[in-house]
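The next block holds one structure in the form of structure tokens; read it before the comments.
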Amino acid sequence: MTKESSIYSLLKAKFLIDDDALKTWKFIIFLFSLAMLMIYFNHNYDEKNYKITRLTNEVKELRSRFVDTRSELMKLKMESTISKKMEERQILPSSVPPKKIVIRKPEDKSFFDKLKIWQ
8 MTKESSIYSL
18 LKAKFLIDDD
28 ALKTWKFIIF
38 LFSLAMLMIY
48 FNHNYDEKNY
58 KITRLTNEVK
68 ELRSRFVDTR
78 SELMKLKMES
88 TISKKMEERQ
98 ILPSSVPPKK
108 IVIRKPEDKS
118 FFDKLKIWQ
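Its first residue numbered 8, the sequence shown is counted upward by one per residue in the numbering used here.
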């Protein structure tokens, strides 16, 4: 077989209709299925990669909102902020400090002490 005839038979795709064509077709189908699997897995990888990137950005945004909200809450809890809000309602802070009220609970008598009352 000369070089020209082998190139010519390759271009005519005679290897697909020869006697050994069944082996060739099996190999072509195998290569095609491998290529499809590769494309499928690559697509899944890209999709998961985009999802991870999107979720990472969302986590960063939520963390930023959390920090902003926490700092705003700390400002609102400050005594000066609360007193300003109360002044708008004409509630002023007391000049007299508060007194602590202590309520003493009577001691529970034991079971035997309670029995002595009945004697």
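Yeah, the Cβ is synthetic: ideal placement off N, Cα and C, and Gly gets one too.
From a predicted model like this one, the values you see are computed outputs, not experimental measurements.
Simplified DSSP assignment, three categories, for residue i
| i | result |
| --- | --- |
| I59 | helix |
| L41 | helix |
| S121 | Just to set this straight, residue 121 is Lys in the shown sequence, not Ser. It is helical. |
| E54 | helix |
| R77 | helix |
| L69 | helix |
| E95 | helix |
| K106 | coil |
| T9 | coil |
| E114 | coil |
| A20 | coil |
Alpha-carbon spacing of residue i relative to residue j, whole angstroms
| i | j | result |
| --- | --- | --- |
| K91 | E65 | 36 Å |
| R27 | S12 | First, the amino acid is wrong: residue 27 is Asp here, not Arg. Using only the alpha carbons, I get a separation of about 18 Å. |
| S71 | R96 | 34 Å |
| I4 | K21 | Beyond the ends of the chain as shown, which are 8 and 126, falls residue 4; an answer cannot be given. |
| I46 | K55 | 14 Å |
| S16 | F48 | 36 Å |
| K107 | S101 | 15 Å |
| E114 | D120 | 12 Å |
Sub-8 Å separation of residue i and residue j beta-carbons
| i | j | result |
| --- | --- | --- |
| K82 | T88 | yes |
| T31 | L38 | no |
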